[in-house]
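The numbering of the sequence shown is this note's numbering, which starts it at 82 and goes up by one.
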Amino acid sequence: MVNRNSFRLLAVLLVHFAIASCAAPLATQAAVKVSTKNNPSLEEKAIEAWLYFYPMLLTQTRLAAEPELLRNSWDHSDDFYGKVFDQASKPEADTVHSHAWLDLRDGPINLHLPDMQGHYYAIQAIDLWSQTFSIVGSRTTGGKAGTVVYLPPGMHEELYPSGHWPIGARFVEAPSDTILLLAQLQRGGPDRAKQISGLHSKFLLRRHADSFLSGTIDADDTAAAVPEALAQYLAAGLSPANALLKIEPADYFSWAAALWGSREMSLSASDREFAAEIIQLGLYPGRAIQWQELTERRRKTLTVAANKASRILSAEIQKNGIIHNGWLYPVEEWYVLDGDKVSVSQPDNYLLRARMALRAPGHLPLEELLTLFAGEHETGGDVLNGGQDRQYELLFAPGDLPPVNGFWSLAVQETEGATAQNFLGRSYLGSDSQLTENPDGSVTIYLSHQNPHGEGNSDTFNWLPVPATDFGVELRVFWPSRKYGNEGGWEMPAIIQRIPAE
């Protein structure tokens, strides 16, 4: 039997080898450059540094927001989204959500999955830079029962005899010892609620055999503590994003430098190049800065840059996409996919990375989830409003509902982005709905505040109630089966204001 210390040494050597031999990044867009008037090179680098650190610190803040949650165990409630996000960012009702923080310091974690019985699901693995690095689920690995093994950094399944692993296991190598799993499972109609709940509870996380892995990976207890001010903001109920923006630049940069470059935050080749560029700011990987020991010029530069960078991040931006029939189709691809493996396509674009982290943990690739919007100012035409008895409709030609391998849903959003509530308790219409066809096989979906068929009419199957105020409509397509919106792709019909019959 091979000595465990040999395994430990081999794992450490592999980590260093992986860092040293990291390939050049796939950059399709230059890193963000923000022009400044006062000492542009130094201040610009400080702004870039703030944006660069933001995804890492936001993930750490999200982790700190759940101190009571056990590691390596699922939380099947939506409390995560209530604590970690603003109200507008809560998940839509078309999927059931779970999340788990995995601690891989003592070795791999096995995720045992049941047969999904045809229900769509996706489980993202997200690193401490808020970047998705793997997706297992219906699209990538199928829906049959099986086991996924999440390996610590530097560990490869080839190092060990196959008999140590579950038969047919799929392996995912993690870039850090702590990772976040986010699971989404198709909710289905009310008649399938019990079945979905049963499947959900069978996502089992188990530590791999202690006799095989104990001591292979040394624990790293040197992680920097959360700044006291940040902990107080979280305790007061602020979301992690808002709490992180409120701390002082001294706390922000000191915490970032202490975390940066630790074993949990291994640096890529491009990260190391950037580290060399900002040393003149007093920021060194893995070394906590002493704010008062910095020169007055450095403190002023970092303070001004932090204020500017937070305003840049918080500024409202126009969604990038193509508008057709009043719908906004996204065109920006954030990821490069290779089976279940995911890599970032623009690693040096720090502003984009920060905005994606702020928008959602581990933004899903378009191949997994395509989202279209209508009713917003940037889509052109009139803003949708359900007041004054206005009624709208969507007419799908026969056999021309959204093409999917997974499922689709259509939901109404209020102006602040939250899913609109209504007296029917109907959050969406879609693949799981009992939609009534017209005589010619087409399907009409009605968007109105009052019953489009008249007050008291029992026919509500194709009615999606809207508020008597401005609203937007969101189409979510999980695992699209065709291209959408360009070069002959499938197109969403326009939302037409309906003129009631007299």
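The beta-carbon is built from N, C-alpha and C at its ideal position, and this holds for glycine as well.
Here the structure is a predicted model, which is why all the values come from computation and not from measurement.
{"Item": "Does the distance from the CB of V547 to the CB of G467 come in under 8 Å?", "Value": "yes"}
{"Item": "Nearest by alpha-carbon distance to E124: which of I360, P234, S179, I328 is it?", "Value": "I360"}
{"Item": "Taking the alpha-carbon of V493 as reference, which of D470, V485, L465 has the nearest alpha-carbon?", "Value": "L465"}
{"Item": "Tell me the rounded alpha-carbon separation between F284 and T228.", "Value": "10 Å"}
{"Item": "Which residue comes first and which comes last in the alpha helix (DSSP H) that contains D419?", "Value": "Not the alpha helix (DSSP H): D419 falls in the beta strand (DSSP E), residues 416 to 419."}
{"Item": "Secondary structure at G218, three-state DSSP: helix, strand or coil?", "Value": "strand"}
{"Item": "Name the DSSP bridge partner or partners of N191?", "Value": "V230, R287"}
{"Item": "Within 8 Å, do at least three Cβ pairs link the segment 251 to 261 to the segment 310 to 327?", "Value": "no"}
{"Item": "Curious, which full-length alpha helix (DSSP H) runs of at least 4 residues does the segment 302 to 372 contain?", "Value": "309 to 316, 321 to 327, 330 to 340, 350 to 358"}
{"Item": "Kindly indicate which three-state DSSP category K225 falls into: helix, strand or coil?", "Value": "coil"}
{"Item": "Out of A250, G199, R353, which one is the CA nearest neighbour of R273?", "Value": "G199"}
{"Item": "Output needed for D421: all residues of its chain with C-beta closer than 8 Å, excluding positions within five of it in sequence on either side, in chain order.", "Value": "S215, I216, V217, T221, T222, R251, V253"}
{"Item": "Please report the Cβ distance between D258 and P234, rounded to the nearest whole angstrom; I am assuming they are in contact, meaning their Cβ atoms lie under 8 Å.", "Value": "7 Å"}
{"Item": "Can you tell me which of the three DSSP states W155 falls into?", "Value": "coil"}
{"Item": "Do A575 and L139 have their C-beta atoms within less than 8 Å of each other?", "Value": "no"}
{"Item": "Over the uninterrupted beta strand (DSSP E) stretch that includes N543, give me the two end residues.", "Value": "First-last for N543: undefined, no H or E at that position."}
{"Item": "Could you tell me which of K389, L475, G443 sits nearest to I128, measuring between CA atoms?", "Value": "K389"}
{"Item": "Among A174, Y333, Q265, H237, whose alpha-carbon lies nearest the alpha-carbon of S219?", "Value": "Q265"}
{"Item": "Suppose you measure from the CA of W544 to the CA of N538; what does that come to, to the nearest Å?", "Value": "11 Å"}
{"Item": "For G279, name the three-state secondary structure that DSSP assigns.", "Value": "helix"}
{"Item": "Taking buried to mean at least 16 other C-beta atoms within 10 Å of its own C-beta, is S335 buried or exposed?", "Value": "buried"}
{"Item": "Who are the Cβ neighbours of P479 in its own chain at under 7 Å, not counting the five residues just before and after it?", "Value": "D521, G522, S523"}
{"Item": "Quick one, which of T213, H193, A324 has its alpha-carbon nearest I248's?", "Value": "H193"}
{"Item": "Please name the residue in L482, F559, R563 whose C-alpha comes closest to that of T525.", "Value": "L482"}
{"Item": "Could you compute how far the alpha carbon of G570 sits from the alpha carbon of S562?", "Value": "10 Å"}
{"Item": "On the CB-based measure, 16 or more other CB atoms within 10 Å of its CB, does Q66 come out buried or exposed?", "Value": "Residue 66 is absent from the structure shown; the chain starts at 82 and stops at 583."}
{"Item": "In three-state terms, what does DSSP make of F134?", "Value": "helix"}
{"Item": "Over the uninterrupted beta strand (DSSP E) stretch that includes V524, give me the two end residues.", "Value": "524 to 529"}
{"Item": "Looking only at its chain, what residues have a beta carbon closer than 7 Å to the beta carbon of I577, apart from the 5 residues adjacent to it on each side?", "Value": "Y473, E474"}
{"Item": "Just the C-alpha distance for P411 and G443, rounded to the nearest angstrom, thanks.", "Value": "17 Å"}
{"Item": "Using only the alpha-carbon positions, how far apart do E518 and L528 sit?", "Value": "16 Å"}
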